[in-house]
Amino acid sequence: MHRSPANNCFQYTAYFAVSTNLVNYLKDQLHVGSKAAANGVTNWLGTSSITPLVAAFLADAFLGRYWTIALFLLISVVAYAVLTASAAAALESAAFYAGLYLLALGGALQPVLVAFGADQFDGADEVGRALQSSFFNWFYLSINVGSLVGGTVLVWVQSSVSWGLGYGIPAMCSVLAVAVFLAGTAAYRRHQRPGGSPLTRVAQVVVAAVGKCGVEAPEDASELHECEGDDGMSAAIQGSRCLAHTDQFRFLDKAAVETAGDKPRPSPWRLCTVTQVEELKCVLRLLPVWASGIIFAAAYTQMTTTFILQGDTMDPYIGNFRVPAAVLSVFDTISVMLWVPLYDRLIVPLARRATGHERGFTQLARMGVGLVVLAAAMVAAGTLEVERRRVIARHGMYDTNTGADGKYLPLSIFWQVPQYVVVGASEVFTFIGQMEFFYDQAPDAMRSLCSGLSMTSFALGNYVSSALVTVVARATARGGRDGWIPDDINRGHLDNFFWLLAMMCMGNFGVYLLIARWYTYKKTVDKAAANSVTNWQGTTSVMALVAAFLADAFLGRYWTTVLFMLISVVAYAVPTVSAAAAAPSAALFYTGLYILALGGALQPVVTSFGADQFDDSDEEGRRRQSSFFNWFYQSLNVGSLVGGTVLVWVQTNVSWGLGYGIPAMCSVLAVAVFLAGTTAYRRHQPPAGSPITRVAQVVVAAARKWRVEAPDDASELHECEGDDGMSAIQGSRRLAHTDQFRFLDKAAVETERDKAQPSPWRLCTVTQVEELKCVLRLLPVLASGIIFAAAYAQMSSTFILQGDTLDPYVAGFRVPAAVISIFETISVMLWVPLYDRLVVPLVRRATGHERGFTQLARMGVGLAVLAVAMVAAGTLEVERRRVIERHGMYDTNTGDDGAYLPLSVFWQVPQYVVVGAAEVFTLIGQLEFFYDQAPDAMRSLCSGLSTVSFALGNYLSSALVTIVARATARGGRDGWIPDEINRGHLDNFFWLLAVLCVGNLGVYLLIARWYTYKKTVD
303 MHRSPANNCF QYTAYFAVST NLVNYLKDQL HVGSKAAANG VTNWLGTSSI TPLVAAFLAD
363 AFLGRYWTIA LFLLISVVAY AVLTASAAAA LESAAFYAGL YLLALGGALQ PVLVAFGADQ
423 FDGADEVGRA LQSSFFNWFY LSINVGSLVG GTVLVWVQSS VSWGLGYGIP AMCSVLAVAV
483 FLAGTAAYRR HQRPGGSPLT RVAQVVVAAV GKCGVEAPED ASELHECEGD DGMSAAIQGS
543 RCLAHTDQFR FLDKAAVETA GDKPRPSPWR LCTVTQVEEL KCVLRLLPVW ASGIIFAAAY
603 TQMTTTFILQ GDTMDPYIGN FRVPAAVLSV FDTISVMLWV PLYDRLIVPL ARRATGHERG
663 FTQLARMGVG LVVLAAAMVA AGTLEVERRR VIARHGMYDT NTGADGKYLP LSIFWQVPQY
723 VVVGASEVFT FIGQMEFFYD QAPDAMRSLC SGLSMTSFAL GNYVSSALVT VVARATARGG
783 RDGWIPDDIN RGHLDNFFWL LAMMCMGNFG VYLLIARWYT YKKTVDKAAA NSVTNWQGTT
843 SVMALVAAFL ADAFLGRYWT TVLFMLISVV AYAVPTVSAA AAAPSAALFY TGLYILALGG
903 ALQPVVTSFG ADQFDDSDEE GRRRQSSFFN WFYQSLNVGS LVGGTVLVWV QTNVSWGLGY
963 GIPAMCSVLA VAVFLAGTTA YRRHQPPAGS PITRVAQVVV AAARKWRVEA PDDASELHEC
1023 EGDDGMSAIQ GSRRLAHTDQ FRFLDKAAVE TERDKAQPSP WRLCTVTQVE ELKCVLRLLP
1083 VLASGIIFAA AYAQMSSTFI LQGDTLDPYV AGFRVPAAVI SIFETISVML WVPLYDRLVV
1143 PLVRRATGHE RGFTQLARMG VGLAVLAVAM VAAGTLEVER RRVIERHGMY DTNTGDDGAY
1203 LPLSVFWQVP QYVVVGAAEV FTLIGQLEFF YDQAPDAMRS LCSGLSTVSF ALGNYLSSAL
1263 VTIVARATAR GGRDGWIPDE INRGHLDNFF WLLAVLCVGN LGVYLLIARW YTYKKTVD
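First residue of the sequence shown? That's 303 in the numbering used here, and the numbers climb one at a time after it.
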């Protein structure tokens, strides 16, 4: 949005050139009286504040923000052209008013521009929100730069040169605004699509709620109807995130209650989603805040009416240079231009330190400050008016035609500067706060419209100001008196009018405090960040299969490793550049992230390539190969230890640019080290073509021959044997026949037709058939790893939730709960050498097996150990709940900035250590098992299967948490896993996981007993 300030400057230069001096055009050119001129201006300003709702409605409902801006900018060009022609040719007032009210329509873009500009920032993370908050300040500053030029230079041109030229220059500025906006088209993020008529959705909620007035809304909000997509977005409203349920306006919840009549005949006028209901609640909550802005706007608009009427009577000269009264509003603009950087660069950082709030002040607090400051501005104006009336009395100038071409009071007009400066300060707090508040608190699909609401409060404030002037003038002029605001204000009491406005501002502030206390901030069901991580991790798991497929089928493991390592170098470089930039690009970052998902998907290929370096045809080679898997996994954990501690600290405490730059350098070193060993590698496994094709050929051939009897003697089945005992599959040893999955043997039965017309889709070799059998035998073992992975995933979810409530301090040093997972890494790093150098030799002596344990036995031990880890976590949770009960800390805000339970977070260490032990047995065992039991030409792909079980386990963990939370929270109960876990029963969840682990072990024992190890014909 680097073009937004330039566009705004041109647009608002034109707008303020017209609005600032409009009262004088009406008085001097159209010969309208003082009250009529003041009311003419405020009525037009009021209309200009209502028409933005039209633009905002079109933007949210039908056109989108980009096309709405383009259309209305073109309308404003036409409007300025009409005004210019009217002023230059001295046309009748009808032509002038036509152009003026056309401009009220064409210039109605502020809410759409605000929403469109704020859309360019990612509000899902703290940095994005801080930049977005700062954007509102600088957006408003650009408006004031336009106001400065339009309200000084162009007002001077209008007053001292000609009205035709004074309106012609704004017309040219409006053309430039269109050009600048369109020039930035390619750079804009136009991600907010029109979501249909918000008025229709609001009406549907009202109608549905009224139609179900006799229905009881459930206490449990999860029972209300919602249509939610996989990414946490609302499926019912295009481009809108789901909104969390709130307890205000409970009657409206009836619209989301699904009755028996809604199921056979669904209708949006009878059944609405929670998000639709919350949209209406958001709008209803905004209305009192919106109403509090009306009095503010009524007082603020005095700058363009009574302030100018007051200034017109005062001495406008500096030497021989005359300064029109309307030009004094430039000090309001200058005040804003000084206050914006002061607020953004000084006040916000200081307030942030004091309050801990990312914006410094809450939006409501910021607006409240502005309400008080504006009351001070009215006091300043009233004080000056008292002095002005003293000067009038002192010099007897009651009936002198002061202002315009008459005499001026011997009181400099620059005494008005303080009141303009104070108004500018109030503007920075309240108006910018309103812009941010109405954008931030609006539903996603109503942001333009709700931003327009703040404009309507300004409109009504102008109308209130007009009505107030009229009512006060009439009420105080009874009985032949001049009143407070007569045509000749030297005979009036404008000071009393300013005192009235000051009292109204303070009364408005008192009501506002009650509103702010009542207000509930909008909450979205925002799964974007969590889903981004899980989606990326899921993609990485899938990409591992892609890399494995390429390695086995086409490139070979060496060249696949080289290619994907080079891709990862590029991938690490992209986030580094994005993070180091002054304005990080989400698109650039995600591009790098998903390239990394591809480039970093090497574990199954690197594992297989490393194991290939050992000769498994002799016992010593097999021992070393088994040891390799242990130390390979150890190297992963060393990387995890350094990356998860040192580099995370650099990212958090130094900079994200350096924190991503170091991994980029590490990736370059990884490529260099790998390539340095090229001459020493045993690259004996050539690519063998697509394993998926071979598997498909076996299935098709067996299905075609479903009536053919497979011989009892396996030697009669078809096999192509090379002179060296290798199979027809390049680089793959022949596999011995096994008796499982006998139906597939039909694919290797050679019929007479096969001899006449040989086809790999009708006749396959025994090795091809056994390849498929190997994969099928691996699948149950793969499935047993899913429950293991689901329990293992608790380290990054429920373990941290539990730890967040525990005392994290050691001698004054705070240890975040997430850091405790380092003990799992340390456990692995201790267990690997212990297992390889102590456990394996001891077990080898007892069992006589070259690996100590069989691979299946090793994995089974890990499954049992993980159940023990869940028991340890459950036991700690029981103690944690006892501490909560003992100290009555159920509703205490434990964790983050709240109080911590008097129970050390280091009591979690045992469960992490036990998880590490389980990892060494099961996950390393899986690496070895899936490599060893895979066919030679499918080793990378089968090694990748273990990553798939891990990915599915993570998804299962998420589903399990969701199901358990909902199932146990029915009937108004807190459930096992509520948002406030001190009210939950996380111990029951850990017992459930322990039971699942033990049950999984029981099933696994049956699988292990059934499993037949692969045999080669060597």
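The C-beta atom is built at its ideal place from N, Cα and C for all residues, glycine as well.
Candidates the options, of which the one nearest residue i by Cα
{"i": "residue 809", "options": "677, 1056 and 859", "result": "677"}
{"i": "residue 1092", "options": "1256, 961 and 461", "result": "1256"}
{"i": "residue 480", "options": "460, 374 and 389", "result": "374"}
{"i": "residue 790", "options": "611, 1112 and 1138", "result": "611"}
{"i": "residue 752", "options": "357, 644, 786 and 1246", "result": "357"}
{"i": "residue 607", "options": "1313, 589 and 629", "result": "629"}
{"i": "residue 859", "options": "511, 823, 1207 and 908", "result": "908"}
{"i": "residue 680", "options": "487, 794, 803 and 600", "result": "803"}
{"i": "residue 1098", "options": "1117, 1111 and 1122", "result": "1122"}
{"i": "residue 713", "options": "778, 687, 1107 and 450", "result": "687"}
{"i": "residue 736", "options": "500, 552, 441 and 525", "result": "441"}
{"i": "residue 603", "options": "553, 634 and 624", "result": "634"}
{"i": "residue 733", "options": "670, 370 and 1208", "result": "670"}
{"i": "residue 1302", "options": "1161, 897 and 762", "result": "1161"}
Distance, residue j Cα to residue i Cα
{"i": "residue 408", "j": "residue 1249", "result": "58 Å"}
{"i": "residue 489", "j": "residue 315", "result": "24 Å"}
{"i": "residue 1076", "j": "residue 661", "result": "59 Å"}
{"i": "residue 1159", "j": "residue 1291", "result": "28 Å"}
{"i": "residue 1004", "j": "residue 1240", "result": "21 Å"}
{"i": "residue 365", "j": "residue 591", "result": "28 Å"}
{"i": "residue 544", "j": "residue 572", "result": "20 Å"}
{"i": "residue 1221", "j": "residue 940", "result": "15 Å"}
{"i": "residue 516", "j": "residue 739", "result": "36 Å"}
{"i": "residue 921", "j": "residue 1070", "result": "27 Å"}
{"i": "residue 1147", "j": "residue 1153", "result": "10 Å"}
{"i": "residue 386", "j": "residue 467", "result": "8 Å"}
{"i": "residue 781", "j": "residue 767", "result": "24 Å"}
{"i": "residue 967", "j": "residue 976", "result": "14 Å"}
{"i": "residue 613", "j": "residue 601", "result": "17 Å"}
{"i": "residue 507", "j": "residue 518", "result": "16 Å"}
{"i": "residue 1090", "j": "residue 1299", "result": "7 Å"}
{"i": "residue 396", "j": "residue 371", "result": "28 Å"}
{"i": "residue 1050", "j": "residue 1034", "result": "17 Å"}
Supposed contact pair residue j and residue i - C-beta distance, whole angstroms, cut 8 Å
{"i": "residue 1272", "j": "residue 522", "result": "6 Å"}
{"i": "residue 949", "j": "residue 964", "result": "6 Å"}
{"i": "residue 1279", "j": "residue 1297", "result": "At roughly 17 Å, the Cβ-Cβ gap does not stay under 8 Å, so residue 1279 and residue 1297 are not in contact."}
{"i": "residue 1171", "j": "residue 1216", "result": "4 Å"}
Cutoff 8 Å: residue i Cβ touching any chain B Cβ
{"i": "residue 588", "result": "In summary, chain B is missing from the structure at hand, where a single protein chain is found."}
Proximal residues to residue i (C-beta, below 6 Å), its chain only, five neighbours per side dropped
{"i": "residue 319", "result": "452, 456 and 472"}
{"i": "residue 350", "result": "406"}
{"i": "residue 321", "result": "none"}
{"i": "residue 1142", "result": "1154"}
8 Å Cβ shell around residue i - same chain, five flanking residues per side excluded
{"i": "residue 936", "result": "1130, 1131, 1134 and 1135"}
{"i": "residue 649", "result": "662"}
Neighbourhood of residue i by C-beta distance below 7 Å, restricted to the same chain and skipping five residues each side
{"i": "residue 711", "result": "615, 616, 617, 690, 693, 694, 699 and 704"}
{"i": "residue 1103", "result": "1283"}
{"i": "residue 727", "result": "637, 641 and 675"}
{"i": "residue 465", "result": "327, 331 and 389"}
{"i": "residue 1183", "result": "1289"}
{"i": "residue 787", "result": "771, 774, 775, 794, 796 and 799"}
Quiz prompt | Residue ranges of each alpha helix (DSSP H) within the region 1110-1192, 4 or longer | solution = 1124-1136, 1142-1149 and 1157-1189
Self-check item: Completely contained alpha helix (DSSP H) runs for the region 1048-1120, where each covers 4 or more residues
Solution: 1054-1058, 1068-1094 and 1100-1106
Exercise. Could you pull out every unbroken alpha helix (DSSP H) segment of at least 4 residues lying fully inside the region 725-812, listed in chain order?
Key: 749-778
Quiz item: What are the start and end residues of each continuous beta strand (DSSP E) run of 3 or more residues lying completely inside the region 573-626, in chain order?
Solution: Runs found: none.
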